[in-house]
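Protein sequences, first through last, are from chains A and B. When you read off a place in the first sequence, starting at 1, and then add 323, the result is the number in the numbering used here. When you read off a place in the second sequence, starting at 1, and then add 323, the result is the number in the numbering used here. Heads up, the beta-carbon is just placed ideally off N, CA and C, and yes, glycines get one too. Bear in mind the structure is a predicted one, so any value in this text is a computation, not a measurement. Read through the structure below, which is laid out as structure tokens, and then see the notes.
Number of protein chains: 2
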Amino acid sequence: MTHEVFSKLDLTSLLSLSFSTSINELHERLSELGFGDIRPVHGFMFKCITPNGATGIELAEYLGITKQAVSKMVDYLEKSGYVMRKTHPTDKRGKIIVLTERGWLVVKAKEKILTEIEQRWIENIGTERLQMLKEDLTKLVYEANEDKLPTRLRPVW
Amino acid sequence: MTHEVFSKLDLTSLLSLSFSTSINELHERLSELGFGDIRPVHGFMFKCITPNGATGIELAEYLGITKQAVSKMVDYLEKSGYVMRKTHPTDKRGKIIVLTERGWLVVKAKEKILTEIEQRWIENIGTERLQMLKEDLTKLVYEANEDKLPTRLRPVW
DNA sequence: AATTATAGTCAACTTGATTGACTATGTCGT
DNA sequence: ACGACATAGTCAATCAAGTTGACTATAATT
């Protein structure tokens with residue numbers, strides 16, 4: 324694909340490719356660090372869990388999947404040593420999912436790698452332009468969500 | 324989610340939410356026009372098909388799925404009246420997938436709706452800023468792909 | 001002409017989700 | 001305080017959308 328081809332992409336293709344590009348690089352790097360069993364949704368889940376844990380319902384809403392899907396995912400991540408279930412402090416029905424030490428390592432690694440990706444983006448388009456890009460996307464997402472149910476993170480396809 | 328919450332989102336969350344926001348609105352609008360059986364991947368497939376058709380292999384590469392998945396998708400879209408298979412002009416093994424009249428209606432509708440979404444984004448952040456946003460994303464995606472296999476449209480999750 | 005590669009389809013399988021039911025617990029209205 | 005209703009999380013079954021490997025007909029290569 325030449326630059327000319329890219330410049331003719333519509334908005335949704337541009338956003339999808341931008342997302343795929345950054346998330347692919349992130350997970351290649353995480354793999355190199357020994358976190359090859361982490362999928363993008365796991366990284367987003369860990370973000371929601373920090374710093375104090377989250378309930379299954381909170382994770383389901385945040386990620387845009389059902390509570391049963393969250394339950395299965397937590398089963399898998401618990402078995403892989405990234406999260407733990409704890410009893411809810413005030414609701415006996417509930418569980419709080421928290422990160423293990425290994426889970427925190429993923430969160431730190433992700434932050435570091437994303438900082439490096441952004442650094443390279445800054446070298447490409449400049450600090451001010453990246454700042455504006457993020458401000459504008461934030462504004463547009465905020466506006467689109469201010470009187471609706473929040474858009475779920477999970478990209479529909 | 325308050326504006327403060329949005330402004331703390333990392334890059335990958337921002338891009339995912341931006342994509343979801345725009346693609347959700349697009350498909351709500353397409354649904355209103357009677358194209359409720361179209362998924363985002365179909366819209367991208369139609370884009371790849373225009374104007375002269377595409378082979379199964381081309382569609383698979385463009386969308387980031389296997390040729391069998393494309394075959395099944397084309398089965399479905401053929402049955403729904405959006406595409407047709409034609410024999411390849413020069414390769415007897417091959418098929419060319421082309422759009423029907425109804426398929427072209429979807430392409431036109433998508434273009435119109437995306438123009439309207441962009442128009443509203445212009446009202447929000449200004450013509451110049453949207454222009455810069457698109458230029459910057461184009462630049463970043465292009466740079467990330469110039470010496471690699473192309474990033475596939477399909478967002479990994 | 002023989003060998004190797006490819007396009008598309010087939011059937012079977014896998015993955016990651018959803019659905020509806022269930023139990024234990026929490027909330028609300030009287 | 002109690003009964004009715006709602007909810008959190010789990011269970012088993014199911015489904016959608018993909019992948020895999022095999023296959024045939026055709027194309028390309030040697």
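Among the CB atoms of chain B, none fall inside 9 Å of the CB of D414(A). With a contact defined as Cβ atoms closer than 8 Å, L353(B) and C371(B) miss out at about 18 Å.
Boundaries of the beta strand (DSSP E) around V421(A): K418 to L422. By the rule that beta-carbons nearer than 9 Å mark a contact, N347(B) touches chain A. For the C-beta of M455(A), the chain B residues within less than 7 Å are, from N- to C-terminus, R452 and M455. Per DSSP, the unbroken beta strand (DSSP E) holding T410(A) starts and ends at V406 to T410.
In the assembly as shown, D470(A) is an exposed residue. Its beta-carbon has fewer than 16 other beta-carbons within 10 Å. Interface flag for Y405(B) against chain A is unset, since no Cβ pair is found closer than 9 Å.
Contact check for E384(A) against P478(A) fails: the beta carbons are separated by 9 Å or more. Within the DSSP bridge table, the entry for A377(B) names I420(B) as partners.
S403(A) sits in coil when the DSSP states are folded into three classes, being neither helix nor strand.
Close partners of F358(A) in chain B (Cβ separation under 9 Å) are lacking, with about 15 Å as the shortest Cβ gap. The stretch 456-465 of chain A and the stretch 386-397 of chain A do not touch, with fewer than three beta-carbon pairs separated by less than 8 Å. Around G387(A), the same chain offers R475, L476 and R477 as residues with beta carbons nearer than 7 Å, after the five sequence neighbours per side are excluded. Taking a beta-carbon distance threshold of 9 Å, P363(A) counts as an interface residue toward chain B. Ranking L340(A), D333(A) and E327(A) by CA distance to the CA of L453(B) puts D333(A) first.
Residue contact check for L460(B) against chain A: a CB pair falls below 9 Å. With 16 or more other Cβ atoms from the protein chains shown falling within 10 Å of its own Cβ, P363(B) counts as buried.
Between the C-alpha atoms of T344(A) and V464(B) there is a straight-line separation of about 7 Å.
In the assembly as shown, I380(B) is an exposed residue. Its beta-carbon has fewer than 16 other beta-carbons within 10 Å. Counting along the chain, R352(B) sits inside the alpha helix (DSSP H) bounded by residues L334 to E355.
Exposure of K402(B) is indicated by the presence of fewer than 16 other C-beta atoms within 10 angstroms of its C-beta. One thing to note: V406(A) has its Cβ no nearer than 9 Å to the Cβ of T389(A). A377(A) places its beta carbon less than 9 Å from that of I420(A). The CB of N375(A) never comes closer than 9 Å to any CB in chain B; the least such distance is about 16 Å.
Cβ-Cβ distances below 8 Å link K418(B) to T378, G379, R408, K409, T410 and H411 in the same chain, with the five nearest sequence neighbours on each side left out; the list follows chain order.
Inclusion of F369(B) and S339(A) in the CB contact set at 9 Å is not warranted, their separation being larger than that value. Interface with chain B (9 Å Cβ-Cβ cutoff): G366(A) is included. The beta-carbon distance between K433(B) and G366(B), rounded to whole angstroms, is 5 Å. This is short enough to meet the 8 Å contact definition.
Taken in chain order, the unbroken stretches of alpha helix (DSSP H) that lie wholly in the stretch 422-452 of chain B and span 4 residues or more are 424-448.
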